[in-house]
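Engineer: Could you have a look at this structure, given as structure tokens, before my questions?
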Amino acid sequence: MHRWDLFVLDERNYDEVRRQAEGYDWVVWPRFAVYFDGPAADGVILSSVSGVQAGDPWSFAESAPGFDAAVPTCTGTSIEAVTTTVPSDWTGGNRVNVIAMPSDDGSTVKWIGAPEMEADGCA
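Residue numbers for the sequence shown follow our numbering, beginning at 5 and rising by one.
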């Protein structure tokens, strides 16, 4: 994990042999993820495409055009989703999401992260 101010790059360490053997060379097995814990880092604006930032009122996240609390993600709530190419034999979802996590009291956006695949179940 690498952190610069309020920007976090989570470098994922997956089983590379399995990834190659199973052909997981696509978003469901991402090599990194990003998390925004604040609205800016070293003068760089950190936001979703729709403009949602950490620290915004949760009601602002709820008003984002892509906000969908019904999307099954393992963490957070989907605020944006993009359809992605998946193998023909893949039985999971085919959308990758930008997610927002509410603060403990539910009043603000605690952080924003991506990518997050849709899932039928979580470990």
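Beta carbons are placed, not taken as given, at the ideal position from N, Cα and C, and that holds for glycine.
Identify every residue that forms a DSSP beta bridge with R99.
Structural biologist: Beta-bridge pairing links R99 to T87.
Engineer: Who does E120 pair with in a DSSP beta bridge?
Structural biologist: N101
Engineer: If you check the beta carbons only, do I83 and F64 fall under 7 Å apart?
Structural biologist: no
Engineer: Starting from W62, follow the alpha helix (DSSP H) in both directions and report where the run begins and ends.
Structural biologist: Looking at the DSSP string, the run of the alpha helix (DSSP H) that includes W62 is 62-66.
Engineer: Once the 5 residues before and after G117 are set aside, which same chain residues still bring their CB inside 7 Å of it?
Structural biologist: Closer than 7 Å at Cβ, skipping near neighbours: A37, V38, Y39, G80, I103.
Engineer: For S111, count neighbouring C-beta atoms within 10 Å of its own C-beta (all shown protein chains included) and say buried if the count is 16 or more, exposed if not.
Structural biologist: exposed
Engineer: If we ignore side chains and look at the alpha-carbon of each, how far apart do S107 and P69 end up?
Structural biologist: 21 Å
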